[in-house]
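Number of protein chains: 2
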Amino acid sequence: MTHSISTVTLLHALHWRYATKKFDPARKIPETDWHALEQALVLAPSSVGLQPWKFIVVTDPAMKARLRPAAWGQSQVTDCSHFVVLAVRKNLSHDHVDRHIGRMAEVREVTTESLGKFRQMVMGNLDKARAEERLDLWQSHQVYIALGQLLASAALLGVDACPIEGFEPEKFDEILGLTGTDCASVVCCAAGYRAADDKYATMKKVRFKPEDVITRI
Amino acid sequence: MTHSISTVTLLHALHWRYATKKFDPARKIPETDWHALEQALVLAPSSVGLQPWKFIVVTDPAMKARLRPAAWGQSQVTDCSHFVVLAVRKNLSHDHVDRHIGRMAEVREVTTESLGKFRQMVMGNLDKARAEERLDLWQSHQVYIALGQLLASAALLGVDACPIEGFEPEKFDEILGLTGTDCASVVCCAAGYRAADDKYATMKKVRFKPEDVITRI
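Keeping their order, the protein sequence lines are chains A and B. For the first sequence, position 158 matches number 158 in this note's numbering, and the numbering has no gaps at all. Heads up: take any position in the second sequence, counting from 1, add 217, and you land on this note's numbering.
In structure tokens, the structure reads:
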């Protein structure tokens with residue numbers, strides 16, 4: 001690992017980021033940077049590697065305008081450069097697992113048969129979670145890992161972001177055409193650049209003292 | 218933002234990371250790097266900034282050995298350098314909100330009275346979620362944002378990690394003394410350095426094609 005960054009660079013970025021309240025609507029994320037942030041989503045870790053998600057990236061102004069009222073009218077939806085809706089795959093199916101197994105076989109150049117034990121283990125885990133009615137909950141957690149990786153990555157590239165849970169998922173699903181599919185909106189993230197006059201940008205970051213959230217044993 | 222990193226550096230780190238199966242038990246994370254990773258947890262974004270979490274960092278070999286059987290005997294628990302248990306604060310209380318408000322007032326040098334409207338909004342949101350029995354679920358999602366930020370940060374510092382959901386939360390809570398408190402184990406993360414002979418380190422990363430998980434509108 002020769003490419004690692006310094007702790008100073010990391011902490012500078014994590015201090016610099018904040019939930020951007022006001023984006024500069026004139027500034028767009030350059031293609032290279034956005035591609036990297038999409039890759040941060042694609043490469044996000046997930047339980048057993050199942051990637052139980054879909055990311056809807058909205059840049060179309062008309063679509064942003066339709067979504068905004070279903071997100072409490074928050075200006076970030078329309079003023080950001082790229083608005084991402086992170087969706088979970090509901091009731092994760094055996095078909096999905098088989099698609100993943102197929103992809104494993106393709107990428108690692110092995111037979112699907114050689115992955116039989118893994119397949120069985122995964123199917124068993126999913127079916128158990130399904131029976132206990134915690135499958136969607138489990139998978140929705142994974143979507144938040146992707147969100148966390150996206151937020152940290154954006155900060156490191158100098159791209160502002162605002163995670164948004166304040167929206168009506170059913171309305172979003174309807175507007176985005178997800179209703180009736182196996183995908184459902186879980187959380188959103190607006191990305192772009194802070195407006196020069198966003199007063200939240202200069203407010204001191206508030207965190208509990210480390211000793212109040214970290215216990216060392 | 219002058220400290221931002223290149224997309225090449227970011228993507229190199231995100232490709233480099235993998236769920237480490239076998240850690241080198243002899244290698245410990247240097248103090249400076251670990252401090253930065255704790256800061257990545259402390260600085261993680263959370264809904265309304267409430268930080269509904271506690272992070273238990275285990276380095277004591279005896280404690281690791283006690284936890285391991287409750288994590289399906291996985292070797293990462295004992296062989297890693299730092300083993301983190303990410304816990305959620307259950308049934309998030311008005312007291313917690315008031316601690317946060319108190320901290321806001323302290324850090325931003327304002328009166329708690331000036332935060333009255335914010336306080337009311339947050340309390341209302343929590344009570345609504347509590348009434349709808351989705352409060353703990355909502356807060357547990359936040360814990361996964363912290364996990365995502367931790368995993369990306371570790372990769373960027375060249376520190377290996379393995380997120381672990383395969384453990385018995387009730388047993389962990391008992392062993393860690395969380396039973397009967399407002400905290401409950403949600404997910405874990407082992408951090409350290411890959412063993413030279415971890416065969417998973419050289420396997421090709423498997424991800425769906427971008428077009429299969431990303432939709433652009």
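Each residue gets a CB set at the ideal place from its N, CA and C atoms; glycine is no exception.
Residue i classed as buried or exposed, judged by whether at least 16 other C-beta atoms fall within 10 angstroms
i, result
"Trp-72 of chain A", "exposed"
"Ala-225 of chain A", "This structure cannot speak to residue 225 of chain A, because chain A is shown only from 1 to 217."
"Ser-275 of chain A", "The question about residue 275 of chain A has no answer, for chain A in this structure spans 1 to 217."
"Pro-247 of chain B", "exposed"
"Val-403 of chain B", "buried"
"Ala-243 of chain B", "exposed"
"Lys-64 of chain A", "buried"
"Gly-397 of chain B", "exposed"
"Ala-36 of chain A", "buried"
6 Å CB neighbourhood of residue i in its chain, flanking five on each side removed
i, result
"Ala-190 of chain A", "Gln-76, Cys-80, Phe-83 and Cys-162"
"Asp-399 of chain B", "Arg-306 and Lys-307"
"Thr-419 of chain B", "none"
"Asp-198 of chain A", "Lys-21 and Lys-22"
Neighbour flag for residue i against chain B, beta carbons, 8 Å
i, result
"Glu-31 of chain A", "no"
"Met-123 of chain A", "no"
"His-15 of chain A", "yes"
"Ala-190 of chain A", "no"
"Val-57 of chain A", "yes"
"Arg-66 of chain A", "no"
"Gly-158 of chain A", "yes"
"Gln-149 of chain A", "yes"
"Ser-4 of chain A", "yes"
"Thr-20 of chain A", "no"
"Arg-216 of chain A", "yes"
"Thr-179 of chain A", "no"
Residue of the options minimising C-alpha distance to residue i
i, options, result
"Leu-284 of chain B", "B:Asp-429, B:Phe-384 and B:Phe-425", "B:Phe-384"
"Gly-266 of chain B", "B:Arg-316, B:Thr-295 and B:Ile-431", "B:Arg-316"
"Leu-260 of chain B", "A:Ala-19, A:Ala-26 and A:Ala-36", "A:Ala-19"
"Leu-41 of chain A", "B:Gly-394, B:Gln-366 and B:Asp-377", "B:Gln-366"
"Leu-352 of chain B", "B:Leu-393, B:Ser-370 and B:Asn-308", "B:Asn-308"
"Ile-318 of chain B", "A:Val-58, A:Phe-208 and A:Thr-215", "A:Phe-208"
"Leu-228 of chain B", "B:Leu-343, B:Pro-278 and B:Leu-374", "B:Leu-374"
"Trp-251 of chain B", "B:Cys-405, B:Asp-377 and B:Lys-422", "B:Asp-377"
"Thr-432 of chain B", "A:Ile-5, A:Thr-7, A:Thr-9 and A:Asp-60", "A:Asp-60"
"Thr-224 of chain B", "A:Lys-28, A:Ala-26, A:Thr-7 and A:Glu-38", "A:Glu-38"
"Ile-392 of chain B", "B:Arg-347, B:Gln-268 and B:Val-302", "B:Val-302"
"Lys-28 of chain A", "A:Asp-182, A:Thr-78, A:Gln-139 and A:Leu-147", "A:Thr-78"
"His-358 of chain B", "B:Trp-270, B:Met-338, B:Val-423 and B:Ile-434", "B:Trp-270"
"Glu-428 of chain B", "A:Phe-55, A:Ser-4, A:Trp-138 and A:Met-203", "A:Phe-55"
"Tyr-200 of chain A", "A:Ala-70, A:Gln-51 and A:Arg-17", "A:Arg-17"
"Val-275 of chain B", "B:Asn-342, B:Asp-414, B:Cys-405 and B:Lys-421", "B:Cys-405"
"Lys-422 of chain B", "A:Arg-108, A:Thr-9 and A:Pro-69", "A:Arg-108"
"Gln-291 of chain B", "B:Ile-381, B:Tyr-410 and B:Gly-397", "B:Ile-381"
"Ile-434 of chain B", "A:Asp-198, A:Ser-4 and A:Ala-62", "A:Ala-62"
"Pro-286 of chain B", "B:Asp-344, B:Arg-336, B:Lys-388 and B:Lys-334", "B:Lys-388"
Sequence-distant residues of the same chain with beta carbon closer than 8 Å to residue i, five excluded per side
i, result
"Ile-145 of chain A", "Ala-44, Pro-45 and Ser-46"
"Leu-231 of chain B", "Ala-369 and Ala-372"
"Ile-222 of chain B", "Leu-373"
"Leu-343 of chain B", "Leu-309, His-311, Val-314 and Leu-352"
Residues near residue i by beta carbon distance below 7 Å, same chain, minus five either side
i, result
"Ala-412 of chain B", "Lys-239, Phe-240 and Asp-241"
"Met-340 of chain B", "His-311 and Val-314"
"Ala-322 of chain B", "Thr-328, Thr-329 and Leu-332"
"Ala-401 of chain B", "Ala-304, Val-305, Lys-307, Pro-386, Asp-390 and Leu-395"
"Gln-139 of chain A", "Pro-52, Val-88, Arg-89 and Leu-92"
"Arg-320 of chain B", "none"
"Val-360 of chain B", "Trp-270, Leu-303, Val-305, Val-403 and Val-404"
Below-8 Å beta-carbon distance, residue i vs any chain A residue
i, result
"Asp-296 of chain B", "no"
"Asp-277 of chain B", "yes"
"Pro-380 of chain B", "yes"
"Leu-228 of chain B", "yes"
"Ser-310 of chain B", "no"
"Thr-329 of chain B", "no"
"Ser-292 of chain B", "no"
"Ser-370 of chain B", "yes"
"Arg-320 of chain B", "yes"
Neighbour list for residue i in chain E, Cβ cutoff strictly below 8 Å
i, result
"Arg-108 of chain A", "Judged by its chain identifiers, the structure shown contains no chain E, and its protein chains are A and B."
Near-chain A residues of the stretch 345 to 363 of chain B (beta-carbon distance less than 9 Å), N- to C-terminal order:
Leu-354, Trp-355, Ser-357, His-358, Gln-359, Val-360, Tyr-361, Ile-362 and Ala-363
Listed in chain order, which residues of the stretch 254 to 272 of chain B have Cβ atoms closer than 8 Å to some Cβ of chain A?
Glu-255, Gln-256, Ala-257, Leu-258, Val-259, Leu-260, Ala-261, Pro-262, Ser-264, Gly-266, Gln-268, Trp-270, Lys-271 and Phe-272
Residues of the stretch 195 to 214 of chain A in Cβ contact with chain B at a cutoff of 9 Å, in chain order, please.
Met-203, Lys-204, Lys-205, Val-206, Arg-207, Phe-208, Lys-209, Pro-210, Asp-212, Val-213 and Ile-214
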